[in-house]
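Working notes for the structure below.
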Amino acid sequence: MAKQLSVNEWKYLFEKYEKYRSGELTKKCFLNEMMKIKNVEHISDDQWKRLVNKYKRYNLGMNIESMSGRSPKKGKGSGRPKKTKSNDEILDEFLNDLNKEDLIKIIKIISTDDEIKKIKKDKFKETVTKIKNSFPFKVSNKVIMSLLKIKKSTYYKKLKKLKMIKEKNLELENTVVQAFKETGGIFGRERLAAYISKNKQIKLNYRTLGRIMKKLGLVCRIRKAKRTKESKNVAVTFQNIASRDYDGIYNDIYATDVTYIPSPIDVDQNFVYMSAVIHHKTKKILGFNLSLYKDNSLVIDNIKKVNFPKNFVIHSDHGSQYSSKEYLQLIERLNGKVSMSRIGNSLDNREIEYFFSVLKTEMFENFEKSVKKMTLKEFERHLNRFIDWYNNERMLKKFNYKTPHELWVEFCKK
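Going by this note's numbering, the first residue of the sequence shown is number 12, and it counts up by one from there.
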């Protein structure tokens, strides 16, 4: 059975109720406090209505002491309460009670342009807190409303809206952090915004995302720019059929090359070698091979893994493996045409060179140090995972944020 509350208990309950109304306390927490004070297991609708009505009477200045078992009060103070004071009257009384220093302080707070802008932008909670914290005594919400010239309904509506915006922003920030981790911290704001749109179904402007990333201290890894110098030597042994057709507009072009990889911990020599084949039009890696030796087998074994179509062009530099008789005969048997870059012009084979650059900057934060700390088999596992991610998840801004595999599927349907 609920107990009869004392005046102090009612006042304590009203303080909690005010915190609940202002959004500082959840309804669940408030109900727990109320049940604890009233010594009940749940709060009925009647008990809730009684609390609200009693709170209203308390705000109007009426006595909250229980009148049970007493005769009705008569004489002075009985009957209908006096009419509540207007906001202007409350404000006048408050300002009249202030000393000169406090008055100057309150004028400075509410008269600056910055504070007015905050109120207009629905960020007035900072102003309210600033006013309350400026005085050693308690300043009521009514006084605050009068100072800022806003209605009671507007005041609490704004507080509720601010709470909802804060919760929404927190949820969005958590999504951004999760997406940043999922992409390994290598996507900039535009590509990360596209990733969130595609995988989280949240439309987010990349500029907004940039501000969130800056706030959270999320900085993507940046590939160091390397200026490529083109040689003036244009002497060639094989025809440059690709002719910098990087998007495969005129021919079905596949590019291949070999790159040096720092030796893993269980390899004695200085480097291991990787050969890869990329499709110009879709940017998909169709085959790759890792070997301890930079010989013909490294390249030949890789070419044999790729299922080439008819009438394709295979482009490379003038490396000895690509000008070998064994390699040229293999391409001829596959009904392909050999294309080679001009000597000293690495940009002629830009697509595969760019992939190797991406590999060495996005696979690990510090590629060389990371590779040297693992075994060759561990590196092979990481390499397989990276190329699978590159083909299936790494979106290309140039192609409306589609992945190489999505572009490859579209290409194969034609």
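Positions of the beta carbon are idealized from the N, C-alpha and C atoms, including for glycine.
Look at the segment 339-369 and you find these whole runs of beta strand (DSSP E), each 3 residues long or longer: 347-351.
Leu-229 and Asn-262 have their C-alpha atoms spaced approximately 42 Å apart.
Excluding five sequence positions before and after Asp-258, the CB atoms of its chain that fall closer than 7 Å to its own CB belong to His-291 and Lys-292, given in chain order. Taking the Cβ atoms as the reference, Glu-44 lies roughly 5 Å from Lys-27, within the contact range of under 8 Å. Counting of Cβ neighbours within 10 angstroms places Gln-189 among the exposed residues, the total staying below 16.
Nearest neighbour of Ile-223 by Cα position, chosen from Ser-334, Gly-199, Lys-348 and Asn-307, turns out to be Gly-199. Going by DSSP, Leu-303 is part of no beta strand (DSSP E) at all; its letter is neither H nor E. Judged by DSSP secondary structure, Phe-323 falls within the beta strand (DSSP E) whose first and last residues are 323-327. Between Glu-184 and Leu-227 a beta carbon distance of about 6 Å is seen, short of the 8 Å cut, so the two are scored as contacting. For the pair Ala-253 and Trp-400, the Cα-to-Cα distance works out to about 27 Å. DSSP, read as helix, strand or coil, puts Met-285 in strand. Around the beta-carbon of Lys-408, fewer than 16 other beta-carbon atoms lie within 10 Å, marking it exposed.
Under the DSSP assignment, Ile-48 falls outside any beta strand (DSSP E), being part of the alpha helix (DSSP H) whose first and last residues are 38-49.
In the DSSP assignment, Tyr-31 falls within the alpha helix (DSSP H) that extends over 18-33.
Comparing C-alpha distances from Cys-231 to each of Gln-15, Thr-194 and Cys-40 shows the shortest one belongs to Thr-194. For Thr-219, the enclosing alpha helix (DSSP H) stretches over residues 217-227. The residue among Gln-280, Leu-297, Val-278 and Asp-277 with its C-alpha nearest the C-alpha of Ser-286 is Leu-297.
Secondary structure at His-290: strand, using DSSP grouped into helix, strand and coil. DSSP, reduced to helix, strand and coil, places Ala-205 within a helical segment of the structure shown. In the three-state reduction of the DSSP assignment, Lys-425 falls in the coil class. Between Leu-24 and Ile-54, the C-beta gap is not smaller than 7 Å, which leaves the two residues out of contact.
Counting of Cβ neighbours within 10 angstroms places Arg-218 among the exposed residues, the total staying below 16. With contacts defined by Cβ atoms closer than 7 Å, Asn-360 and Ser-350 do not form a contacting pair. In this structure, Val-283 lies near Ile-272, with their beta-carbon atoms less than 7 Å apart.
The C-beta separation of Thr-267 from Ile-325 comes to about 6 Å, placing the pair in contact by the 8 Å criterion. With fewer than 16 other Cβ atoms from the protein chains shown falling within 10 Å of its own Cβ, Asn-395 counts as exposed.
Taking C-beta atoms under 8 Å as the contact rule, Ser-274 and Asn-307 fail to qualify, at a distance of about 21 Å.
Within the same chain, and ignoring the five residues on either side of Ile-197 in sequence, the residues whose Cβ sits closer than 7 Å to its Cβ are Cys-231, Arg-232 and Glu-373. Taking 7 Å as the cut-off, the beta carbon of Ile-354 is found closer than this to the beta carbon of His-329. Counting C-beta pairs closer than 8 Å gives fewer than three between the segment 382-396 and the segment 415-422, which falls short of the contact rule.
Each of Ser-327, Ser-302, Asn-19 and Phe-367 was checked against the Cα of Glu-391, and the nearest Cα belongs to Ser-302.
The closest CA to that of Val-278, considering only Ile-260, Tyr-265, Arg-255 and Tyr-304, is found on Tyr-304.
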